[in-house]
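Student: Next up is a structure, given as structure tokens.
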Amino acid sequence: MASSTNNIELSSQQKAELDEMIKEAENSCLSDEIFTRVIVLEGYLSKSILLLRPLNLIDSNLWAGNTAKDYPHTLDGPISSTFTQASVKDDGIMAAVVYAGKNIVGVECGWLLAWADSKANGKRLYAECGDISKYNCIDWGCIEEKLNNSKKLAIIVSDHETGTSVQATLSGVDFPLQTQDKLGAIFYG
């Protein structure tokens, strides 16, 4: 059975009623300020080719957000290993990782990288590196405070005693209701 469609023009009263209904609906809709912005972060981590041995993930902390693809457990070569995080809450993403391994002279070292992006505080990075003893018992509250006080989007930190360093950058594109971040870091030593 075939259906038929008739095009009937609305009366001015019907059109006025529909216009009023749309106006009321627009007034009752939530504004963009009430919607929480979605933040998606793709992370790329690698070690310098000069580090002959792999680096292993020894600790991590997630203050805010969710991990969609876990951190790489081992960094074994100059090719980037990836992870993904996301958040739909106002507190955004805030996390840190610590990798350990031997520097080029065979001393056990650690490399810490922390990052954050939130609607209220924006993007920021913190990093440190050095002898592995610094990372036996990490004070995550202290790291969180240092990250919160950082306003850096690109960093290079070095430890002269061990010859280790971290280079990292955090960038992103902000859309009205979504942010797409990219984090890149290379661990040297």
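Each residue of the sequence shown is one higher than the one before, starting from 90 at the first, in our numbering.
Even glycine gets a Cβ: it sits at the ideal position worked out from N, Cα and C.
Please list, in chain order, all residues of the same chain as residue 123 whose beta carbon is under 8 angstroms from its beta carbon, the five residues on each side excluded.
Tutor: Residue confidence for residue 123 is low, a pLDDT of 46 falling below 50, so the modelled location carries little weight and cannot support an answer.
Student: Compare the Cα-Cα distances from residue 268 to each of 126, 101, 138 and report the closest residue.
Tutor: Comparing Cα positions, the closest option is 126.
Student: Do you know whose CA, among 264, 239, 241, 135, lies nearest residue 190's CA?
Tutor: Relative to the Cα of residue 190, the nearest Cα in the group 264, 239, 241, 135 belongs to 135.
Student: Skipping 5 residues on each side, what residues in its chain have a beta carbon closer than 6 angstroms to that of residue 274?
Tutor: The beta carbon of residue 274 sits closer than 6 angstroms to the beta carbons of 134, 202, 257 from its chain, once the five residues preceding and following it are set aside; these are given in chain order.
Student: Report yes if the C-beta distance between residue 139 and residue 276 is below 8 angstroms; otherwise report no.
Tutor: no
Student: Rounded to the nearest angstrom, how far is the Cβ of residue 242 from that of residue 186, given a contact under 8 angstroms?
Tutor: So it is not a contact: roughly 18 angstroms between Cβ atoms.
Student: Would residue 278 and residue 261 qualify as a contact pair, given that the criterion is a beta-carbon distance under 8 angstroms?
Tutor: no
Student: Can you give me the C-alpha to C-alpha distance between residue 218 and residue 265, rounded to a whole angstrom?
Tutor: 36 angstroms
Student: Helix, strand or coil for residue 100 per DSSP?
Tutor: coil
Student: By alpha-carbon positions, which one of 245, 234, 228 ends up nearest to residue 149?
Tutor: 228
Student: Buried or exposed: which applies to residue 161, given that a residue is buried once 16 or more other Cβ atoms fall within 10 Å of its Cβ?
Tutor: buried
Student: Buried or exposed: residue 157, going by 16 or more other Cβ atoms within 10 Å of its Cβ?
Tutor: exposed
Student: Assuming residue 144 contacts residue 188 (C-beta within less than 8 angstroms), just tell me the rounded distance between them.
Tutor: 4 angstroms
Student: With DSSP as the reference, label residue 269 as helix, strand or coil.
Tutor: Residue state, collapsed to three classes: strand.
Student: Give me the Cα-Cα distance between residue 199 and residue 254, rounded to the nearest whole angstrom.
Tutor: 10 angstroms
Student: In the structure shown, what three-state DSSP assignment does residue 190 receive?
Tutor: strand
Student: Between the alpha carbons of residue 233 and residue 183, how many angstroms are there, rounded?
Tutor: 9 angstroms
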